[in-house]
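Peer 1: Quick note: the sequence shown uses this note's numbering, first residue 3, plus one each step.
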Amino acid sequence: MSVSRHLVHEDAESLAEAAALAAAGHLNERVATAGRATLSLTGGSVGVKTAVALAGTDVDWSRVTIFLGDERFVPADHPERNDGQLAEVLLDAVGDRATVHRWPARGDEFDDVDAAAEAFLAEVDLPGGDEPLFDVTLLGMGPEGHIDSLFPHTPAVAETDRLAVGVRDCPKPPPERLTFTLPAVRRSRHVIVVATGDGKAEAVAKGLGGADPADWPVAGAVGTESTTYHLDGPAASMLS
3 MSVSRHLVHE
13 DAESLAEAAA
23 LAAAGHLNER
33 VATAGRATLS
43 LTGGSVGVKT
53 AVALAGTDVD
63 WSRVTIFLGD
73 ERFVPADHPE
83 RNDGQLAEVL
93 LDAVGDRATV
103 HRWPARGDEF
113 DDVDAAAEAF
123 LAEVDLPGGD
133 EPLFDVTLLG
143 MGPEGHIDSL
153 FPHTPAVAET
163 DRLAVGVRDC
173 PKPPPERLTF
183 TLPAVRRSRH
193 VIVVATGDGK
203 AEAVAKGLGG
213 ADPADWPVAG
223 AVGTESTTYH
233 LDGPAASMLS
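1. Given this structure, state the Cα-to-Cα distance separating residue 20 from residue 101, to the nearest angstrom.
2. Enumerated in chain order, which unbroken segments of the beta strand (DSSP E) with a length of 3 residues or greater are wholly contained in the stretch 128-169?
3. Select from 85, 198, 30 the residue whose C-alpha is nearest the C-alpha of residue 192.
4. Terminal residues of the continuous alpha helix (DSSP H) containing residue 69?
5. Enumerated in chain order, which unbroken segments of the alpha helix (DSSP H) with a length of 4 residues or greater are wholly contained in the stretch 28-78?
6. When you compare the CB positions of residue 22 and residue 56, do they come within less than 9 Å of one another, or not?
7. Tell me the DSSP secondary structure of residue 197 in three-state form.
8. Does DSSP classify residue 6 as helix, strand or coil?
9. Along the chain, where does the beta strand (DSSP E) containing residue 180 start, and where does it finish?
10. DSSP has residue 112 in a bridge; who is on the other side?
11. Using beta-carbon positions only, say whether residue 91 and residue 139 come within less than 9 Å of one another.
12. Write down the C-beta distance between residue 207 and residue 160 rounded to the nearest angstrom, noting that I regard them as a contact closer than 8 Å.
13. Closest by CA to residue 104, which one among 113, 86, 95, 114?
14. Kindly indicate the opening and closing residues of the alpha helix (DSSP H) around residue 92.
15. For the beta strand (DSSP E) containing residue 102, name the first residue and the last one.
16. Over the uninterrupted beta strand (DSSP E) stretch that includes residue 233, give me the two end residues.
17. When the Cα of residue 151 is compared with those of 171, 163, 51, 99, which residue comes out closest?
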């Protein structure tokens with residue numbers, strides 16, 4: 003696993019631009035060497051800003067497969083779905099070129115979140131063993147250190163085997179979610195964490211300090227080649 007580092011930016015806009023350029027560089031490098039690349043996106047305010055910036059980069063999206071790190075298990079047209087938010091800024095712009103794997107929606111074929119997670123894994127057919135799943139994983143984080151829909155002291159963050167699970171007891175509404183797990187996140191070549199505001203400062207310090215992921219899930223988000231936190235000043239305020 004890689005050693006984590008952090009970069010501090012002036013504001014959310016410059017942070018998102020830098021994170022997007024870093025992600026684009028990793029994707030382009032992988033396309034050049036392997037012919038294709040994989041990207042896992044994140045929602046949230048800074049994640050969406052990063053997606054906006056990413057849409058303006060020179061990535062050859064016809065050679066990229068896109069996943070979303072998590073999704074709210076609600077109907078497809080529900081405004082709280084991550085894919086709806088990200089569609090407006092990135093997925094619609096590149097979707098006719100990129101391969102996009104969206105999580106199942108409630109009511110499509112499934113009313114049970116666990117069945118939806120199992121069906122998603124069967125459909126996307128992720129590689130087994132230790133082979134990387136994602137070339138780049140973008141992650142936002144909450145003030146308690148949650149990433150994707152992996153919250154402290156929940157069964158999802160404690161999962162050690164499955165790559166994706168259904169969540170029934172999410173502390174934030176809606177309670178039912180679909181999410182990649184830490185075993186999946188750790189099979190990313192490059193992990194890029196984006197965070198702003200002093201409300202994230204303790205979680206940033208715990209993540210970079212190697213805290214127990216059961217307490218601070220972001221601490222478990224480590225790439226095989228690089229792990230970089232892009233922060234503004236307030237989010238970095240508890241770092242020495």
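Ideal placement from N, C-alpha and C gives every residue a C-beta, glycine not left out.
Peer 2: To lay it out plainly:
1. The alpha-carbon atoms of residue 20 and residue 101 are separated by roughly 24 Å.
2. Listed in chain order, the complete beta strand (DSSP E) runs (minimum 3 residues) inside the stretch 128-169 are 136-141, 166-169.
3. Each of 85, 198, 30 was checked against the Cα of residue 192, and the nearest Cα belongs to 30.
4. Per DSSP, residue 69 lies in no alpha helix (DSSP H); the unbroken beta strand (DSSP E) holding it starts and ends at 66-70.
5. If we require 4 residues or more, the alpha helix (DSSP H) runs fully inside the stretch 28-78 come out as 47-57.
6. In contact: residue 22 and residue 56 (Cβ atoms closer than 9 Å).
7. Of the three classes helix, strand and coil, the one that applies to residue 197 here is strand, per DSSP.
8. DSSP, read as helix, strand or coil, puts residue 6 in strand.
9. Per DSSP, residue 180 is one residue of the beta strand (DSSP E) stretching across 179-182.
10. Answer is 108.
11. Cβ atoms of residue 91 and residue 139: not closer than 9 Å.
12. Actually they do not touch by this definition, with Cβ atoms about 22 Å apart.
13. It is 86 whose Cα lies nearest to the Cα of residue 104.
14. Note, residue 92: premise wrong, no alpha helix (DSSP H); not H, not E.
15. In this chain, the beta strand (DSSP E) harbouring residue 102 covers 101-103.
16. 228-234 is the span of the beta strand (DSSP E), which, as asked, contains residue 233.
17. Comparing Cα-Cα distances from residue 151 to each of 171, 163, 51, 99, the minimum goes to 171.
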